[in-house]
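Student: For reference, the structure I am asking about is given below.
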Amino acid sequence: MMTRIWCRILPIFATLAVAVVVCGCEGEPELGPTGVSGGSGPSLRPDLGYVDAGGDAGPNDQPLRSYCRPGERRCLFENSPLFEQCDLDGERFEVDACAAGEMCRTGRCVDFACAPGKELCVGTQTRATCAEDGRSVRDAARCEGAGDICRGGECIDACAAAEREQSYIGCEYIARELPNAYRYGGESDEESPFAIVVANPDRLLDAEITITDPDGTPSKLLEQVDVTSSDRLPNQSYRVTVRSEILSRSGTSRSGTNQIESPAASVSVPPQAAAVFLMDPGMPKRMRSYRVESTRPIIAYQFSPYCCNFTYTNDASLLLPTTTLGERYRVLGFPSLVSENSTSISNGTMTVVAQEDGTEVEIDSPIDLRFSDDWFPNTHWSDDLVRLDAGESITFGTASTAGDPSVNRDLSGTVVEANKRIAVFAGHECTFVPQDEWACDHLEEQMLPAQTLGKRYLLTPTRRRGYKHGQTIGHEAVYWRLVADEDSTITFEPPLESLTLASRSNDATPSCRAKLEDGRVRLAAGEVCEFGTMKAVAVESTGTLMVGGIISGHQSTGMLSYGSHAGDPSFFVVPPVEQFRTGYSFVSPPTFARNYVAVALPQGGAVALDGVALAPEARLGLRQVDLGGKTWDIFNVAIEAGYHTMESSERFGIVVYAFDDYVSYAFPGGLDLLPKGSR
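Numbering-wise (this note's numbering), the sequence shown opens with residue 757 and increments by one.
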């Protein structure tokens, strides 16, 4: 069936050569990954048989508030003929246009009128002056800066506006390839590529991306990599080709000019699309930190490696804009892995990256450290201070290699302070979770600056993976790790003593339950505790905490066969409730079998995925927990790969994660990064 393209050219003002072109198609629609035509439905996917986590799921038929008020309108941009209108079911906004000569203002189509002499915007990047008749404009001019937008009659730098908002969306990031011990049994870095992935959340304008090495030169890319499996997989042989490329909203390669050529200089990323940059491993490992710059606000991640399930040790990090970085961090990680009667060690690691010359960094750690400016920590650390220039980094691990697993080898609680803003990452070369169960996986996440930590957290478990014939099997858990940045008394809901907890993930980290007194846990600044569960839990503290989750390995699920997509350990930081947002944009790459979002939302609240209200049946494993005087809905959503948005009228939190055979990744889906007391 032929597809016919239609377009409407909508003049904004008869006296001004400014118009908006709105296009669509008739005939056979382009189908998204779930068979839903683009823009008309959320990118949901079948849940493929996973069952409700923890057995405490509530009914999925509770009344929900509408996502929007039927007939409600919102203008696309200032003095625009275009608007979005809520449909009759209150489930989605649909784009429409005012009549010729009208404009959308405060949600209504009105005849254009303005105050003579007033500066105003006519589109996203054009400013003008209201003419003397009050019915037209004069002296229209396009904003000069490449990243400028027009707001309130002024051309402003979109990056400066993003900096003022202090969130995970920004124009400059630091990425750093982190120690990953066994990515594929010793295969070359070219066969297991480290990737930087960015997304452009703008609805109308392209973003230009440049990635540079520490010396300021544009970074070289691997334009294409063939990733192959080996005899380590039983009776399996796979070959997957990954590329440096532009991905469409559905996560597929864009037709036409989707390939990104090396080096990574001025790469144009279309609105609501993503770009994958496979970094060339020719640089020495000590030089593998990168500066990601954009002409307008973007979202950025790093994947180590980008593909695939047979690379065995994967994780990913949400990157934080350089304008939100801090000078002080309280580190949260996972203990180094040792075996009894062995001197071998797989390090829990901490990496510090400077963004300015002359950065002086002090480390205050509860354990002895080794360090390296290259890769795996190999030199005893005896100093209190290290000096770094822009792009330089230093990686720390534990000093002891004695074969007693109960000795503290946990970097958690370490304080990192600097005289200038720095980026800090924590992770692991490869570890088992629990440490006596398979399989080993790489962990990593960028740390939140201490000034952005909170006192209230909602711990949202991932989707339960272990099932057989409709019944749960295994003993999987998310291990929740808490480190106090200030002396803290912590309460839990439901009470910690009422929960059936998983066995400890390791011998080095104290159990939170063992620290219970009168239903509370007391942690001095720098102290750590942990508990494992598949229940939803609310945490409230008198002092600020850093909280993270680690997903247990595939053996814990009882799903041992290849093809079960049962995942392996992955690490994510939990956004404090104080940093929740009303909207998120995020990416789920197409290299994993099962993709999910874990959601914490005020009870009965409406939330839209990709512009469409989320139906009750899509809220998997729904359960409730109380925190801060309100009840929260906790659930998971199965999604397709690609670029996504989630929006609500109320602040809520999300974690994005994915499972495949022997691998997984997880990261916060976004957060504000406001200093304490700003909200």
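All residues carry an ideal CB built from backbone N, CA and C; glycine is no exception.
None of the values given here were measured: they were computed from a predicted structure.
Cutting at 6 Å between CB atoms, please list the residues of its own chain near E840, excluding the five before and the five after it.
Tutor: Taking the first residue of the sequence shown as 1, we reach residue 840 at position 84. Taken in chain order, the residues that qualify are R830, F849, V851.
Student: Which of the three DSSP states, helix, strand or coil, is assigned to R864?
Tutor: Looking up residue 864 in the sequence shown gives position 108. Note: R864 maps to strand in three-state DSSP.
Student: Could you give the first and the last residue of the continuous alpha helix (DSSP H) run that contains R920?
Tutor: Translated into the one-based positions of the sequence shown, residue 920 becomes position 164. 914-921 is the span of the alpha helix (DSSP H), which, as asked, contains R920.
Student: Report the option in P1077, H1231, D1241, S1420 whose CA atom is closest to the CA atom of T1300.
Tutor: What you label residue 1300 is simply residue 544 of the sequence shown in a count that begins at 1. Nearest C-alpha to T1300: D1241.
Student: Going by DSSP in three states, L1252 sits in which element: helix, strand or coil?
Tutor: For this step, residue 1252 is matched to residue 496 along the sequence shown. Helix.
Student: Could you please give me the residues that DSSP links to F839 through a beta bridge?
Tutor: As a position in the sequence shown, residue 839 is number 83, starting the count at 1. The partner list for F839 (beta bridge, DSSP) reads C831, D852.
Student: Look up I1390 in the DSSP assignment and give the residues it is bridged to.
Tutor: On the sequence shown, residue 1390 is found 634 positions in, with the first residue counted as 1. Answer is A1356, R1379.
Student: Measure the C-alpha to C-alpha separation of W1236 and T1289 and round it to an integer number of angstroms.
Tutor: Looking up residue 1236 in the sequence shown gives position 480. Looking up residue 1289 in the sequence shown gives position 533. Looking at the two C-alpha atoms, the distance is approximately 8 Å.
Student: How would you write the range of the beta strand (DSSP E) that C877 sits in, first residue to last?
Tutor: As a working mapping, residue 877 is identified with position 121 in the sequence shown. First-last of the beta strand (DSSP E) with C877: 875-877.
Student: For S1317, is the classification buried or exposed, using 16 other Cβ atoms within 10 angstroms of its Cβ as the cut-off for buried?
Tutor: The count along the sequence shown starts at 1 and reaches residue 1317 at position 561. So S1317 counts as exposed.
Student: With three or more C-beta pairs closer than 8 Å as the rule, is the region 946-957 touching the region 1047-1066?
Tutor: Verdict: yes, contact present.
Student: Please list, in chain order, all residues of the same chain as L1215 whose beta carbon is under 6 Å from its beta carbon, the five residues on each side excluded.
Tutor: Translated into positions along the sequence shown, residue 1215 becomes position 459. Around L1215: W1236, V1293.
Student: How far does the beta strand (DSSP E) with Y823 in it reach, from first residue to last?
Tutor: Within the sequence shown, numbered from 1, the residue matching residue 823 stands at position 67. It is not in any beta strand (DSSP E) - Y823 carries neither H nor E in the DSSP assignment.
Student: For the pair the region 1067-1080 and the region 966-974, tell me if three or more CB-CB distances fall below 8 Å.
Tutor: Taking 8 Å as the limit for Cβ pairs, the verdict is that the region 966-974 does not touch the region 1067-1080.
Student: Based on the DSSP output, what are the partners of K1224 in its beta bridges?
Tutor: Residue 1224 sits at position 468 when you count from the first residue of the sequence shown. DSSP output for K1224 lists Q1227 as bridge partner(s).
Student: So if DSSP puts H1136 in a beta bridge, which residue, or which two residues, is it bridged to?
Tutor: Walking along the sequence shown from the start, residue 1136 turns up at place 380. DSSP output for H1136 lists R1126 as bridge partner(s).
Student: Would the beta-carbon of C854 fall within 9 Å of that of C865?
Tutor: Against the sequence shown, residue 854 aligns to sequence position 98. Against the sequence shown, residue 865 aligns to sequence position 109. Contact flag set, yes.
Student: Can you tell me where the beta strand (DSSP E) holding D1197 begins and where it ends?
Tutor: Within the sequence shown, numbered from 1, the residue matching residue 1197 stands at position 441. Note, D1197: beta strand (DSSP E), 1197-1202.
Student: What residue range does the beta strand (DSSP E) around H1184 cover?
Tutor: Looking up residue 1184 in the sequence shown gives position 428. Element bounds for H1184: 1171-1187.
Student: Whole angstroms is fine: what's the gap from I1395's alpha carbon to P1026's?
Tutor: What you label residue 1395 is simply residue 639 of the sequence shown in a count that begins at 1. What you label residue 1026 is simply residue 270 of the sequence shown in a count that begins at 1. Whole-angstrom Cα-Cα distance: 22 Å.
Student: For Q1439, is the classification buried or exposed, using 16 other Cβ atoms within 10 angstroms of its Cβ as the cut-off for buried?
Tutor: Past the boundaries of the shown model lies residue 1439; the chain is included only from 757 to 1435, so the question cannot be answered.
Student: Can you pull the DSSP bridge partners for N1351?
Tutor: For the purposes of this step, residue 1351 is taken as the residue at position 595 of the sequence shown. I1395, A1414, per the DSSP bridge assignment.
Student: Using three-state DSSP, classify K1291 as helix, strand or coil.
Tutor: As a working mapping, residue 1291 is identified with position 535 in the sequence shown. Coil, per DSSP.
Student: Please list, in chain order, all residues of the same chain as D808 whose beta carbon is under 6 Å from its beta carbon, the five residues on each side excluded.
Tutor: As a position in the sequence shown, residue 808 is number 52, starting the count at 1. For D808, the predicted model reports a pLDDT of 45, less than 50, meaning its position is unreliable; a value from the coordinates is still stated below. For D808, where only same-chain residues beyond five positions count, the Cβ hits under 6 Å are G1377.
Student: Helix, strand or coil for M1315? Go by DSSP, reduced to three states.
Tutor: Here residue 1315 is taken as the residue at index 559 of the sequence shown, counted from 1. It is coil, neither helix nor strand.
Student: Find the nearest neighbour of V1032 within the set V1234, C824, F1059, G1038, judged by alpha-carbon distance.
Tutor: Taking the first residue of the sequence shown as position 1, residue 1032 is located at position 276. The shortest Cα separation from V1032 among V1234, C824, F1059, G1038 belongs to F1059.
Student: Checking 9 Å against the spacing of the C-beta atoms, do G879 and F868 come in under that value?
Tutor: Residue mapping note: residue 879 aligns to position 123 of the sequence shown, counting from 1. Residue mapping note: residue 868 aligns to position 112 of the sequence shown, counting from 1. For G879 and F868, no; Cβs fall outside 9 Å.
Student: Applying the criterion that 16 or more other CB atoms from any shown protein chain within 10 Å of the CB defines a buried residue, is L1209 buried or exposed?
Tutor: Taking the first residue of the sequence shown as position 1, residue 1209 is located at position 453. Answer is buried; the Cβ neighbour count reaches 16.
Student: Once DSSP output is grouped into helix, strand and coil, what is the label at G794?
Tutor: Along the sequence shown, read from residue 1 onward, the residue named residue 794 stands at position 38. Any reading at G794 needs caution, since the residue's pLDDT is 33, under 50, leaving its predicted position unreliable; the model's value is listed next. Coil.
Student: Would A1362 be called buried (16 or more neighbouring beta carbons within 10 Å of its own) or exposed?
Tutor: Within the sequence shown, numbered from 1, the residue matching residue 1362 stands at position 606. Buried, since its Cβ has 16 or more Cβ neighbours within 10 Å.
Student: The beta strand (DSSP E) that contains A951, what's its start and end?
Tutor: Counting from one through the sequence shown, the residue named residue 951 turns up at place 195. 951-955 is the span of the beta strand (DSSP E), which, as asked, contains A951.
Student: Which residue from D1120, A1397, P935 puts its Cα closest to that of D1197?
Tutor: As a first step, residue 1197 is located in the sequence shown; it is residue number 441 there, counting from the start. Cα-wise, what sits closest to D1197 is P935.
Student: Among S836, L832, G846, whose alpha-carbon lies nearest the alpha-carbon of P826?
Tutor: On the sequence shown, position 70 is the one that residue 826 refers to. With distances taken between Cα atoms, P826 lies closest to G846.
Student: Rounded to the nearest angstrom, what separates S1018 and P1037 at their Cα positions?
Tutor: Within the sequence shown, residue 1018 is the residue found at index 262, counting from 1. Within the sequence shown, residue 1037 is the residue found at index 281, counting from 1. Their backbone Cα atoms lie some 13 Å apart in a straight line.
Student: Could you check what DSSP says for P1431 in three-state terms: helix, strand or coil?
Tutor: The residue you call residue 1431 lines up with position 675 of the sequence shown. In this structure, P1431 counts as coil in the three-state DSSP scheme.
Student: Would you say Y1340 lies against chain D (beta-carbon separation less than 9 Å)?
Tutor: Absence of chain D from the displayed structure is noted, only one protein chain being present.
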